[in-house]
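Each residue of the sequence shown is one higher than the one before, counting from 59 in the numbering used here. Every residue, glycine too, gets a C-beta built ideally from N, C-alpha and C. So the structure is just underneath, and the comments pick up after that.
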Amino acid sequence: MLALAFTFPAGRYHATPWDRHVNEGAVAWPPEPWRILRGLIATWHHKIKYKGRHSEATLEALIETLAAELPQYSLPSASHSHARHYMPQFAAGKTSLIFDAFAAVDREEPLCVIWPDIELPDDQRLLLDDLLAVMGYLGRAESWVEARRIATIADVNCRPGGSVIDVETGEIRGELVTLHAPLPPAEYQALRERFLVDKKAQKKLGSTLPATLLDALGIDTSSLRKVGWSQPPAARKVSYLRPLDALRPRPAIHRAQRPAVAAVNFILSGKPMPRVEDSLRIGELMRVAVMGQCKRTFGEASIPPVFSGHDLPDGNRHRHAFYLPWDSNGDGKLDRLLVYAPDGLGDVEQRALVKVQRLWQRGGTEWRLVLEGSGTAEVASTLTGASTTWVSVTPYLHPWHVKKRFGVEDQIRRECRERGLPEPVTIETLDDVDVGRGRRRRPIHFQRFRSRHGLSQPDRLGSFRRMVFAQPVAGPLALGFGCHYGLGLFRPMV
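Next comes the structure, spelled out in structure tokens:
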């Protein structure tokens, strides 16, 4: 048996069925098997593939194994709800009413998905565990999720097929719903061959009927609709019998808020993508965007100190938020942005932060933000992992004036002490660093000056360092002037 548990930290599951319009207010509940496999594939491409720990052949085998059997569900209590948004149109001042429907669920009660007859080999099981550990959402991006493999399950209450009426008692047993499930590999190949026999169909549909089920499940929805598919070609419609009250409203039960999280990671997208050398600019823009959202949410006089850095208690020692842009794939472009608060972000702060959806600057350049994940070290392990050796990603600018017995290395050691870190055993100066694709850059190539004027900046040049500690130190690690905005950022060497 294979069983997975999904919990939704935001208490919401957003997913519009394929053949329904968003304003119909429909929710695909439970999460469709087709959608679950697409979520695993997306997580592979965004978070696992580049690490090189698993092969794509293992992923393909895993997906084909899961596609071969229809899962069962143990559904938590849920209710059908919606929010209304007035979205801007092309004409100035015009808006359109949009219904954002979702299944409201308990934040702690898991939804379990069970494949009764599947036993995964070791390589597929290890890959699945890694995928689940870093999966950020299921369905739409608003559906934050925490996923894991489990050994035991609650009672199954949603199965494929079955009769709505109990033939012995005449009672209604449940509600019949239609879900999309992936085609078994052999059925997909048969469908593909049937369509591609015709040359005209091959020309039109060939790009949406790739050779493998894995590639077919990964095709973007807009590409399928563009060529006229009425449903995903790698999927089939399956009837499931779910409880009659599966989405029936229930009285609200107020429970304790979820624990604070230390790290929230966003995907950064736009054209042109900013360079690693622009880290300070992007970090400052992120803080501006967060502060603007907090003003709208809390009022200008009530912005949480964890975001502003103001009105903090004495001896805070950099416990407020760091806004750290970073390059996740080594191409020299900033495509992620980590907001890290050592003492954690509470429920209220998290809700405000995830409403930030774009960065912009004068001149019209704009970048979109999409929440990728929140939690602890696994969120952005490239920066938050533990290591004894740390190397500069962006220039370190010493925060105090250099004196005879207070040089740059002395200042680094002092910063480490004040933050509760061990002092480095050795500190080595580097002439340059690789910012991606073999491009070597010196500190002078980086933006090193804050946009806010009048700040005291003892170091206007910066330097790169390699630090070695006696014991592993956990990240993220950012030191020196401007460290809350992307300067002085180090990465662990593993």
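The beta carbon of residue 140 sits closer than 8 Å to the beta carbons of 83, 157, 158, 159, 160 from its chain, once the five residues preceding and following it are set aside; these are given in chain order. DSSP lists 172 as the bridge partner or partners of residue 130.
With respect to the C-alpha of residue 426, the residue from 394, 420, 451 having the closest C-alpha is 394.
Every unbroken stretch of the beta strand (DSSP E) spanning 3 or more residues and falling wholly within the region 422-506 is given here in chain order: 424-433, 444-450, 484-488. In the DSSP assignment, residue 409 falls within the alpha helix (DSSP H) that extends over 405-411. Here residue 283 is not bridged, per DSSP, to any residue.
Taking a contact to require three or more Cβ pairs closer than 8 Å, the region 86-101 and the region 243-256 do not qualify as touching. In the structure shown, the three-state DSSP call for residue 365 is helix.
Per DSSP, reduced to three states, the secondary structure at residue 304 is coil, with no helix or strand assignment.
Residue burial annotation: residue 105 is buried, with at least 16 other C-beta atoms found within 10 angstroms of its C-beta. Here residue 182 is buried: its Cβ has 16 or more other Cβ atoms, across all protein chains shown, within 10 Å. Contact between the region 355-374 and the region 292-301 is absent, with fewer than three C-beta pairs closer than 8 Å.
Cβ-Cβ separation between residue 438 and residue 396: approximately 5 Å, consistent with a contact (criterion under 8 Å).
Inter-segment contact for the region 328-344 and the region 535-545 is present: three or more beta-carbon pairs are separated by less than 8 Å. Contact holds between the region 521-536 and the region 480-496, because three or more Cβ pairs, one in each stretch, are under 8 Å apart. Shown here for residue 343: same chain residues with a beta carbon closer than 7 Å to its own, the five before and five after excluded, namely 417, 419 in chain order. Of all alpha-carbon atoms in 208, 350, 148, 402, the one lying nearest the alpha-carbon of residue 191 is that of 208. Under the DSSP assignment, residue 179 falls outside any alpha helix (DSSP H); it carries neither an H nor an E label.
When the Cα atoms are used, residue 326 and residue 232 turn out to be separated by approximately 44 Å. Nearest to residue 502 by C-alpha distance, out of 267, 532, 453, is 453. The C-beta of residue 230 has fewer than 16 other C-beta atoms within 10 Å across all chains shown, which makes the residue exposed.
Beta-bridge partners of residue 240 (DSSP): 293. Excluding its 5 nearest sequence neighbours in each direction, residue 383 has C-beta neighbours in its own chain below 6 Å: 337, 340, 341, 392, 395, 544, listed in chain order. Looking at the DSSP output, residue 208 shares a beta bridge with 61. Around the C-beta of residue 319, 16 or more other C-beta atoms lie within 10 Å, and the residue is accordingly described as buried. Here the alpha carbons of residue 125 and residue 250 stand approximately 16 Å from one another. Annotation: residue 95 is outside any beta strand (DSSP E); the continuous alpha helix (DSSP H) that includes it extends over 91-101. Under the criterion of beta carbons closer than 8 Å, residue 449 and residue 549 qualify as touching, at roughly 6 Å. The Cβ atoms of residue 494 and residue 506 do not sit closer than 8 Å to each other.
Here residue 359 is exposed: its Cβ has fewer than 16 other Cβ atoms, across all protein chains shown, within 10 Å. Per DSSP, the unbroken alpha helix (DSSP H) holding residue 356 starts and ends at 337-356. Look at residue 81 here: in three-state DSSP terms it is helix. A contact between stretches requires three or more CB pairs, one per stretch, nearer than 8 Å, and the region 169-185 meets this requirement with the region 109-124. For the set 380, 513, 174, the Cα lying nearest the Cα of residue 441 is the one of 380.
For residue 500, the closest of 522, 286, 167 by C-alpha to C-alpha distance is 522.
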